[in-house]
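K.L.:
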Amino acid sequence: MQKIDFETNTKYGVFKSSMNVNDNATSEEIEQVKQNLIDAWISMIENPPVIEESNFEEIEVISEVNGIKTVSVKTPEGDING
Amino acid sequence: MADRYWVGGTNTWNTTAGAKWSTTSGGAGGASVPTLNDDVYFDQNSNVGTGAFTVTLSGTVNCRNITVQNLDGAMTINGSGSLNVYGNLTFPSTGLTFPFSGSLNILSENSILNTGGVTISAITFIGKSVVIGDPTPITQTVTLASSLNIVNDLFIRCNFNSQGYSITANSPLTLSNANINIDISNTNIIVNALILENSLTTDKSKYLPSVINSFNSLNSNLTLINTSKFALMSTRNGESFDLSTINPAFNTVTLINNTITSNTNVSTAGPINWFTIVSSFTTNNFIIHEPASERLYVQIQKPVIVNNEISIQPGSSTSSTKRVIMYGAFIDEDGIQKNLGGTSFSAINTDFYGIGTTASTVACVRCGDYGFNTGINFDDPRTLYWSGTNSDVWHSPKWSLVSGQTGTELPPLAQDTIILDDTSSASELILDQCATVKNLDASTRTLPLSLTDNSRSNSSYYGILVLEEFIRITGNLTVSENITFNGQCPIKFLGPGLHNIIAEYLPALSIDVHSGIVRMQNDLAIGTQEAFMGVNTFPVDVILEFTSNRSRISLISGEFHSNGYYLTSTIITPKSPFVVRLPNIENLYAYYINVDRKLNIGNSVVTVSKINNENTYVYSSLRGIYFHKMFNILSDNSTIKVSNTLMSSEVFTLHTFSTVLSEFSRINSPLNNVEITGINVNIAASSINNIYSNTLSNKNITLRGIYNGQGFLSSYTEPVKINEWGLSSSPDSLISIGNNVNSITGAYIEKVGGGIVEADYLSISNSTATPPNTWYAGPNSINVLNNIGWIFANPDNPAVSGDFFLFLED
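Sequence order for the protein chains is A and B.
According to our numbering, the first sequence is numbered sequentially starting from 1.
According to our numbering, the second sequence is numbered sequentially starting from 1001.
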């Protein structure tokens, strides 16, 4: 397996990577691998996974002022300074 | 140390050896499961023929080097759990997919990470975790040999050299652990956020910033993409810190908002997104791309130095409805304008608040001026009349420069005045997004007009519903009695200068004017609609309080003058830094006043009223006025009334401190007049000039000093200092002093200013009164228990006392 460095300009800036291809890979195959990696990279940027929002029940919030932390607990009914 | 070749085809990599592993490529299975000392190979002999195969990881599996090479069939690495790599990682660029959703841990002392550009789905930890506070230097170094593409969180916890290979993550890149050297020079980094921390513990108090020995980002391009809670250089829970020691400097910093749905911390249900620049940095170019959201808020909390180009291009045309709102002098922060510098500054469809530039070339089109800006060219202010129907108010070019004419003007900007007069036939305007104007003038409107925010876009922050404001006003709000606000969002006053309010009712009010002043010009009622309300649309610090069945005024910065008029509300939540001045007003009715900074109540009378049938908090007994510690109360000649405690089972508390994590501290803010007009009142204060009651009703008053210990049931050994005592009582109205409910040794009181205290008809428990021979409870008071220093007699008859005196005569 050979390692070939490449970099290309995209609308998201330079994509610099290496590709690891078989030693007997042709130049066309190498170019195709390179393009596939670029396409996958752009797709990853433009189509990030959607992360489901967890159901909110309660959250502890710490705010800090002048080095002193204050804890507030947020609940659907209101907040509690503790 | 041995080699382990996978010969199991589709199978599970776990702690069971089976026939999956061989000591040679294509050899007989049955070798032991690889350990952290063994090199693992997947190759052309790992599958059956040239068929596709899937290796499913289960539990924790270990290896030293892992090499995938010479595949002749499609390979998938799947499963969950942990893959611990104690050596190098080498993947081919073709034939392998890696949807493994567990954690990929690179743990060797020196690793070369060569993914071949394959996309990694696993949460990826580069480097070992360390114990918090462990001073042991990090010696582990990981070096990239290809791009690193992670569709999950990426943590770098050791010395790291990107070798210029691109780093991309659909989640934050977190640099953690102490004493590490980071070299990401000449690297294109596209991440959701750049975060520093040295702990992954769930104990937020242990989220400490990393101490990074060196940070080399020379000639790197950093793109922060999509939404993020704290996009650049914060700790994981958002605390900013000084990065001057590592001086992050990039070639270009770019903000891109491609999506409104993806983020580990923030998901949005509406077209609002934000970036937060928490740390200073230097960059040659600072670019904001067109966002996917209608409104992209960019908050710059710390100085950003741009050497060359600043470009903000949220919309390609002047009619674009997408806007970027860039805040420099931001709430909760220093309120200082952020001068970005630069040599060229271009923007379109962008609003600025507290932003400056020294660029010699400035080209801004349809930009809104919220105030505190310098060096930016804005469109000339306009006076606009609405000529459309009831919708599409902020998008449609149906504004006119002349009343009653068909409009062709684009929607107003922050420096424009909008006038809603009788020439508009609409009886309702649907304000379907938050816009900012200089002045809203509906003073001449004689026809009913409802301003409705019922389609207000909202977002969710950690699951808390966050609403944008109803409308932001950088100048004045003047509406006649024929205008109604139909909605739940606050009207927000923003920017410097004087802001006048002429309105009878607002659903909620938010004030962030820094050095400016908001002044009431008539009586004003704040709504009481039942709603979840997030006053602040930004995740900085927190005023994401929400509540139901009550409304609020949010005093964020600047001054608020009630100007002698009545202000009726139920919640006031000021935030930093601010001064509230309520000079000489008759009353500020408040259910809950939460003061975080400074409250100047001047000569006002502040009445705290218990409202019956309120929702019950867990700590319902603590509701009342909370003057938080560390802040000044300028009480002047004010009076605080504690009244209308209708529910006898509940206790009102007047506190001049707040609880903090595990400590309490003192406050030196005296209260001036405290008038007790209700029953069941707790007073915990350092000093009261004059405490008195006017009504004849049964009262139960606990007087106690400030906390001097920990926990709510600790002793109150610091007395409340009282200058004048005026609590009136009678045979039919016995005032209880002290605490006879539990065993708290409380009710420490001290007479200051000389003189004595004369009282009667008191029921006193657990109270220590000083100095001696000062506190005369009167002959009709009841010495319940545990009282010290009280004399249960009149001053002219001191022989009758709660204490026992023995007089001996010759």
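Ideal Cβ placement from N, Cα and C applies to all residues, glycine included.
Taking just the CA atoms, how far does serine 18 of chain A sit from threonine 1223 of chain B?
P.N.:
C-alpha separation (whole angstroms): 21 angstroms.
K.L.:
Based on Cα-Cα distance, which residue from B:Ser1765, B:Pro1779 and B:Asn1780 lies nearest to asparagine 1787 of chain B?
P.N.:
If we check each option's Cα against that of asparagine 1787 of chain B, B:Ser1765 comes out closest.
K.L.:
Note down the Cα distance separating glycine 1368 of chain B from alanine 1169 of chain B, rounded to an integer number of angstroms.
P.N.:
Cα to Cα, glycine 1368 of chain B sits roughly 34 angstroms from alanine 1169 of chain B.
K.L.:
Give me the DSSP bridge partner(s) of leucine 1449 of chain B.
P.N.:
Paired residue(s): B:Ile1483.
K.L.:
Are any of the Cβ atoms in chain A nearer than 8 angstroms to that of methionine 1533 of chain B?
P.N.:
Confidence in methionine 1533 of chain B is poor, its pLDDT being 33 and thus under 50, which makes the residue's placement unreliable; the coordinate value appears in the next sentence. False, the Cβ-Cβ gap to chain A never drops below 8 angstroms.
K.L.:
With 16 as the cutoff for other CB atoms within 10 Å, does glutamine 1710 of chain B come out buried or exposed?
P.N.:
Reliability fails at glutamine 1710 of chain B, whose pLDDT of 34 lies under 50, so the model's placement of it is uncertain and no value is given.
K.L.:
How is the alpha helix (DSSP H) around methionine 44 of chain A delimited, first residue to last?
P.N.:
Run containing methionine 44 of chain A: 27 to 46, per the alpha helix (DSSP H) assignment.
K.L.:
When burial is assigned at 16 or more other CB atoms within 10 Å of the CB, is lysine 11 of chain A buried or exposed?
P.N.:
It is exposed - the Cβ of lysine 11 of chain A has fewer than 16 other Cβ atoms within 10 Å.
K.L.:
Using the Cβ count rule (16 or more neighbours within 10 Å means buried), how would you classify glutamate 46 of chain A?
P.N.:
The residue is exposed, with fewer than 16 neighbouring Cβ atoms inside 10 Å.
K.L.:
Under DSSP, the beta strand (DSSP E) around proline 1172 of chain B begins and ends at which residues?
P.N.:
Taken as a continuous stretch (DSSP letters only), the beta strand (DSSP E) holding proline 1172 of chain B covers 1172 to 1175.
K.L.:
Using Cβ-Cβ distances below 7 angstroms, what residues of the region 20 to 46 of chain A are close to chain B?
P.N.:
Per Cβ criterion, the list reads Asn20, Val21, Asn22, Val33, Leu37, Ala40, Trp41, Met44, Ile45 and Glu46.
K.L.:
In the region 1096 to 1122 of chain B, which residues sit with their C-beta less than 9 angstroms from some C-beta in chain A, listed in chain order?
P.N.:
Cβ contacts with chain A: Asn1114, Thr1115, Gly1116, Gly1117, Val1118, Thr1119 and Ser1121.
K.L.:
Would you tell me roughly how many angstroms separate the C-alpha atoms of isoleucine 1691 of chain B and glutamate 1724 of chain B, rounded to the nearest one?
P.N.:
Whole-angstrom Cα-Cα distance: 6 angstroms.
K.L.:
Say whether chain A places a C-beta atom closer than 8 angstroms to the C-beta of tyrosine 1005 of chain B.
P.N.:
No, no contact with chain A.
K.L.:
For serine 1147 of chain B, count neighbouring C-beta atoms within 10 Å of its own C-beta (all shown protein chains included) and say buried if the count is 16 or more, exposed if not.
P.N.:
Buried, because 16 or more other Cβ atoms sit within 10 Å of the Cβ of serine 1147 of chain B.
K.L.:
With distance defined between alpha-carbon atoms, name the residue in B:Val1033, B:Lys1020 and B:Gly1009 nearest to alanine 1002 of chain B.
P.N.:
Nearest of B:Val1033, B:Lys1020 and B:Gly1009 to alanine 1002 of chain B, Cα basis: B:Val1033.
K.L.:
Please report whether the beta-carbon of proline 1412 of chain B lies at a distance below 8 angstroms from any beta-carbon of chain A.
P.N.:
False, the Cβ-Cβ gap to chain A never drops below 8 angstroms.
K.L.:
To the nearest angstrom, how far is it from the Cα of serine 1425 of chain B to the Cα of alanine 1503 of chain B?
P.N.:
Approximately 22 angstroms between the Cα atoms of the pair.
K.L.:
Mind listing the chain A neighbours of glycine 1164 of chain B? Cutoff is C-beta to C-beta under 7 angstroms, in chain order.
P.N.:
Within chain A, the residues near glycine 1164 of chain B are Lys16.
K.L.:
Rounded to whole angstroms, what's the CA-CA distance from lysine 1398 of chain B to tryptophan 1386 of chain B? Just pull it up for me.
P.N.:
When rounded, the distance between both Cα atoms is 6 angstroms.
K.L.:
Could you tell me if proline 1092 of chain B is buried or exposed, where buried requires 16 or more neighbouring beta carbons within 10 angstroms of its beta carbon?
P.N.:
Its Cβ being crowded by 16 or more others within 10 Å, proline 1092 of chain B is buried.
K.L.:
Got a sec: which bits of the region 1071 to 1100 of chain B sit with their beta carbon under 8 angstroms from any beta carbon on chain A, in order along the chain?
P.N.:
Cβ contacts with chain A: Thr1090, Phe1091, Pro1092, Ser1093 and Thr1094.
K.L.:
Rounded to whole angstroms, what is the Cα-Cα separation between serine 1562 of chain B and isoleucine 1517 of chain B?
P.N.:
Cα-Cα distance, rounded: 10 angstroms.
K.L.:
Among B:Asn1110, B:Ser1320, B:Cys1434 and B:Pro1303, which residue has its Cα nearest to the Cα of lysine 1492 of chain B?
P.N.:
For the residues B:Asn1110, B:Ser1320, B:Cys1434 and B:Pro1303, the minimum Cα distance to lysine 1492 of chain B belongs to B:Cys1434.
K.L.:
Hey, how far is the Cα of isoleucine 1688 of chain B from the Cα of glutamate 1675 of chain B?
P.N.:
About 11 angstroms.
K.L.:
Given a cut-off of 8 angstroms, decide if isoleucine 1473 of chain B and valine 1437 of chain B are closer than it, judged by their beta-carbon atoms.
P.N.:
The answer is yes: Cβ separation under 8 angstroms.
K.L.:
Count the other CB atoms, across all protein chains shown, that sit within 10 Å of the CB of valine 1324 of chain B; report buried if there are 16 or more and exposed otherwise.
P.N.:
Valine 1324 of chain B should be labelled buried.
K.L.:
Should serine 1403 of chain B be flagged as near chain A, meaning a C-beta pair shorter than 8 angstroms?
P.N.:
No - not a single Cβ of chain A is within 8 angstroms of the one on serine 1403 of chain B.
K.L.:
Quick check: the Cα distance between phenylalanine 15 of chain A and threonine 1115 of chain B, rounded to an integer number of angstroms?
P.N.:
The alpha-carbon atoms of phenylalanine 15 of chain A and threonine 1115 of chain B are separated by roughly 14 angstroms.
K.L.:
Do the region 1440 to 1449 of chain B and the region 1407 to 1426 of chain B touch if we need at least three Cβ pairs shorter than 8 angstroms?
P.N.:
Yes, since at least three Cβ pairs between the region 1440 to 1449 of chain B and the region 1407 to 1426 of chain B fall closer than 8 angstroms, the two stretches touch.
K.L.:
For glutamine 1299 of chain B, which three-state DSSP category applies?
P.N.:
Strand, per DSSP.
K.L.:
Between asparagine 1219 of chain B and chain A, is there a C-beta pair that is closer than 8 angstroms?
P.N.:
It does not; no Cβ of chain A falls within 8 angstroms.
K.L.:
Would you mind stating whether threonine 1076 of chain B and threonine 1094 of chain B have Cβ atoms separated by less than 8 angstroms?
P.N.:
No, these two residues do not count as a Cβ contact at 8 angstroms.
K.L.:
Which residues, in chain order, does the region 1140 to 1153 of chain B contribute to contact with chain A at a C-beta distance below 7 angstroms?
P.N.:
Correct list: Ala1145, Ser1146, Ser1147, Asn1149 and Val1151.
K.L.:
Just how far apart, CA to CA, sit glycine 13 of chain A and asparagine 1161 of chain B?
P.N.:
Approximately 20 angstroms between the Cα atoms of the pair.
K.L.:
Look at the alpha carbon of glutamate 7 of chain A and the alpha carbon of glycine 1354 of chain B, and state the distance between them as a whole number of angstroms.
P.N.:
Roughly 39 angstroms between the two C-alpha positions.
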